[in-house]
Every structure is written in C-alpha cells, then in structure tokens.
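For what it's worth, this note's numbering labels the leading residue of the sequence shown as 20, then goes sequentially. Think of the CB as a built atom: it goes at the ideal place given N, C-alpha and C, for glycine as much as any other residue. Heads up, the thing below is written out as structure tokens.
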Amino acid sequence: MALSSFFTVSASLAFAADATFSPAQPVEPAGGWTVTLGLGPQVVTSFPGASAYRVWPTGTLAWRGPNDPPAFAAPDDGFGVALLDLGWIKAGPVGRLLPRRGLSGGNGNFYGLNNVGWTLELGGFVELWPSENLRARLELRQGVNGSRGLEGNVGIDVVERFGPFTASIGPRLALGNDQFMRAYFSVTPAEALVNGNVFPYQAYGGVTSFGGLASLKYNITPAWGVTAFGGYNRLVNSAAESPIPNRLGSLNQFSAGAIVAYSFHFGGF
20 MALSSFFTVS
30 ASLAFAADAT
40 FSPAQPVEPA
50 GGWTVTLGLG
60 PQVVTSFPGA
70 SAYRVWPTGT
80 LAWRGPNDPP
90 AFAAPDDGFG
100 VALLDLGWIK
110 AGPVGRLLPR
120 RGLSGGNGNF
130 YGLNNVGWTL
140 ELGGFVELWP
150 SENLRARLEL
160 RQGVNGSRGL
170 EGNVGIDVVE
180 RFGPFTASIG
190 PRLALGNDQF
200 MRAYFSVTPA
210 EALVNGNVFP
220 YQAYGGVTSF
230 GGLASLKYNI
240 TPAWGVTAFG
250 GYNRLVNSAA
260 ESPIPNRLGS
270 LNQFSAGAIV
280 AYSFHFGGF
C-alpha cells in the first residue's frame, strides 16, 4: 500500500519515530510525563495505484512515564494509544488519514474516474515483541468517510540500537476489503467509456501489496532527534490486475521522509 499516512493528533497521523533520547540522558523528574512531538514531510504516491507523488505531512505524538525507556515506533505506524501495555504485548485504538484521489498533482490521466475523498480510518492495533529486537504489528482500520473501506497492515521490524542510533528494517503486507478495493481499483463501464484508456474491471478484496520499510533515528541531544525513512510496496493480486495502475498509474509504490522530534517534561495538571 502506499505508505503510507498523517493523523495529526498523533498521533501516522503516516506515523513515525518515537521519542529520541541518547543513552546518556539525565535522570528525569520523578512525576509527570515525558512528551515527544515530531513533525516532518514525507513523499508518497498521490493515492493507491498512482504513479505521481505528493508531499504529505507526517508526525508523532508520544508520552511515557518518568524514567521509562522510549518505546520504538515505525514511521508508517498509525497513531495508536496502547490501552493494554504488558511490555511484550500492546493493544489499543489506532487512526490514520489518507489523501484524496483526484486529478490534481499530475493525475489528469485519471479523468472520468470517480474521485475518492480524503479518508479518516479508525480501528485498532496489536503489537507483539517476541524478543527485545523483534516487533510484529497488526492494524485494522475502517474508513469513516472517503473510501469507506476496511484496510489492514501487517509489519515486522528488526530493531537495533547502537549508541545514539536506532535502526529498523522489515517487511510490510497490506490488505483491503471489497469496498476499499472498489474505491481505488474498480472501473465501471461508464468510467471506462469516459476515460478511454481503461477497461471495465471489478476489484475484489484481499492482499493488496507487499514490500518493506527501513528507518534510522539519530539522537542529537537528550531532547532532539531526527528520523529518516524509506519504503517500497508492490501492488499484487486484484490491485495488480486492475487497469488503473497498469494503464494510468504504477504497480510500484515508493515512500520516503524525515521527522524532527522534540521531547520535554510535562508535570501534569
């Protein structure tokens, strides 16, 4: 899938690296929270199946208790709040914001196809840590507007920390139900007639893409950090059989970006 996604109370919104602290960080105050705010640009495909790219904001909002170590978060995580946190397993609500599909930004060849409005997806996530350096995460999110489809993402990350750096890399798998697939990859006879470059096609749900993501975080100071990331996904199955990516867009979906994060102590109300 396009990697992709920003949910600004993050909160992915496209979801990004977490707090950035060096190993030599000073002792934190006994009470309150350590809050991390991050913001940066990412370059992503304009929408699923497109060949044009757009700059889309991404960022992070995270908090942790005093003297708790900063938790790892991948740049493509949706914003999630871990209501269950046992260390080796975390779970809670998650959200993501997807850009709209239209003719702007170099997508004029999509003329005649229905636009898809920007989509707010809400759902839940489960995150497992089988070991200190291995994380698996599943997100399921339902579009409340726009595509109104159900989308899922599965990611596995190998995480290594060395000095002020944290590196991660791992595979990604994206899924979508029939509604999600119809919104982005189906073509009605009327749309095919108006566009002239595609044929009628009925997309169906299932696995939509497979790829990977890598990131590198550098702790500049105990308060400031920067993360760079890049990813690639290849459309498969029904998405890859659609005339939309084959004749109007691309089967290859790239993403890249950077996030600058600042952490500070919040004593509470």
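Candidates the options: closest to residue i by CA position
i: asparagine 164; options: Glu158, Gly182 and Pro118; result: Pro118
i: serine 166; options: Arg180, Asn134, Asp176 and Val279; result: Asn134
i: glutamine 221; options: Arg253, Ser205 and Leu147; result: Ser205
i: alanine 110; options: Glu146, Gly78, Thr246 and Lys236; result: Glu146
i: alanine 3; options: Pro190, Phe129 and Leu139; result: Because residue 3 is not part of the residues shown, which for the chain are 20 to 288, the question remains open.
i: serine 12; options: Ala275, Ala259 and Val74; result: With the chain represented from 20 up to 288, any question about residue 12 goes unanswered, as that position is not in the structure.
i: glycine 97; options: Gly171, Val178 and Gln198; result: Gly171
i: glycine 57; options: Phe285, Gly286, His284 and Val279; result: Val279
i: glutamate 158; options: Asn126, Glu151, Ser150 and Asp95; result: Asp95
i: leucine 139; options: Arg115, Glu151, Asn152 and Gly121; result: Arg115
i: leucine 153; options: Ala92, Leu102, Asn126 and Leu194; result: Ala92
i: glutamate 210; options: Pro262, Gly250, Tyr223 and Ser234; result: Pro262
Three-state secondary structure (DSSP) of residue i
i: serine 190; result: Just to set this straight, residue 190 is proline in the shown sequence, not serine. Looking at proline 190 - three-state DSSP - the assignment turns out to be strand.
i: asparagine 265; result: helix
i: arginine 167; result: coil
i: proline 45; result: Its pLDDT being 42, under 50, proline 45 is placed unreliably by the model, and the measurement read from it follows with that caveat. Correct three-state label for proline 45: coil.
i: phenylalanine 199; result: helix
i: phenylalanine 144; result: strand
i: threonine 27; result: No answer about threonine 27 holds up, because its pLDDT of 33 lies below 50 and its placement is not dependable.
i: phenylalanine 98; result: strand
i: glycine 174; result: strand
i: glycine 127; result: helix
i: alanine 21; result: Residue placement at alanine 21 cannot be trusted, given a pLDDT of 36 that sits under 50; what the coordinates show is reported in the next sentence. Correct three-state label for alanine 21: coil.
Residue i, enclosing beta strand (DSSP E) - first and last residue
i: valine 213; result: It is not in any beta strand (DSSP E) - valine 213 instead sits in the alpha helix (DSSP H) that spans 208-214.
i: tyrosine 72; result: 72-83
i: tyrosine 237; result: 225-238
i: alanine 277; result: 271-285
i: glutamine 61; result: 52-64
i: glutamine 161; result: 153-162
Span of the alpha helix (DSSP H) around residue i
i: serine 257; result: 256-260
Bridge-paired residues (DSSP) for residue i
i: glutamate 179; result: Ala186
i: aspartate 104; result: Lys109
i: asparagine 252; result: Gly230 and Gln272
i: leucine 132; result: Paired residue(s): none; leucine 132 is not in a bridge.
i: valine 217; result: Answer is none; valine 217 lacks a bridge partner.
i: glycine 244; result: Asn238 and Ala280
i: serine 150; result: Leu153
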